[in-house]
Amino acid sequence: MSKPIYEHHQVSKLRALCILYLLVIVVTLWLFGSDMAVIGIVSTLIGGGAVAIVTLSFSRLTVIVDTDMVRLAFGLGFPRKTIARADITRHEVVRNSWLLGFGIRWIKGGQMWNVWGLDAVDLALANGKTSRIGTDEPEKLDAALRA
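Yeah, the sequence shown ends on 384 if you go by our numbering, and it's all consecutive.
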């Protein structure tokens with residue numbers, strides 16, 4: 238990998254909600270743990286842990302643009318996606334509808350990767366598909382793709 242032209246880590250506001258959710262679970266178990274059946278405690282911990290893992294995995298999106306590739310990675314590096322810059326035929330700053338949501342989504346003609354907000358950069362690829370990257374810095378990402 239060559240030296241990055243652009244590197245940005247966007248963090249979702251869902252991360253704070255996840256921490257609050259886990260705090261509520263811990264306080265609930267501390268206050269009522271002795272009155273709860275073991276199965277209730279175990280299922281609460283498993284359910285809370287699963288929600289925490291999924292939320293934390295999709296609460297951060299890293300975008301790296303170098304001379305050859307655009308690299309996307311959620312959480313601590315998984316899931317990830319690589320797009321060759323040579324495959325990008327055009328790109329533009331766009332605004333998503335809130336209906337598209339967050340995470341990895343199938344959109345008309347391709348995929349969208351987004352953790353928070355409505356701003357994005359839409360990439361038209363040589364194979365006719367689209368990749369849309371959600372970002373809180375759409376102009377900077379677009380400029381890096383022009384570099």
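Beta carbons are placed, not taken as given, at the ideal position from N, Cα and C, and that holds for glycine.
query: Alpha carbon of A323 to alpha carbon of I262, nearest angstrom; result: 48 Å
query: Cβ shell of T319 (< 8 Å), same chain only, five flanking positions each side left out; result: M306, V307, R308 and L309
query: R317 and Q247 closer than 8 Å at C-beta; result: no
query: Cβ-heavy atom distance, G338 to the ligand FMN, below 7 Å; result: Looking at this structure, you won't find the ligand FMN or any other ligand, since it has none at all.
query: Through-space distance from L257 to T281, alpha-carbon basis; result: 15 Å
query: Environment of W350 [buried if 16+ CB atoms lie within 10 Å]; result: buried
query: Separation of R369 from G347, as counted between CA atoms; result: 8 Å
query: Cβ-Cβ distance between S249 and W335 below 8 Å; result: no
query: Extent of the continuous beta strand (DSSP E) to which G284 belongs; result: Unbroken run through G284 is the alpha helix (DSSP H), V275 to S294; no beta strand (DSSP E).
query: Nearest to I325 (by Cα), restricted to the options L337, Y243 and L362; result: L362
query: A381: first and last residue of the uninterrupted alpha helix (DSSP H) it sits in; result: P375 to R383
query: Three-state secondary structure (DSSP) of D359; result: strand
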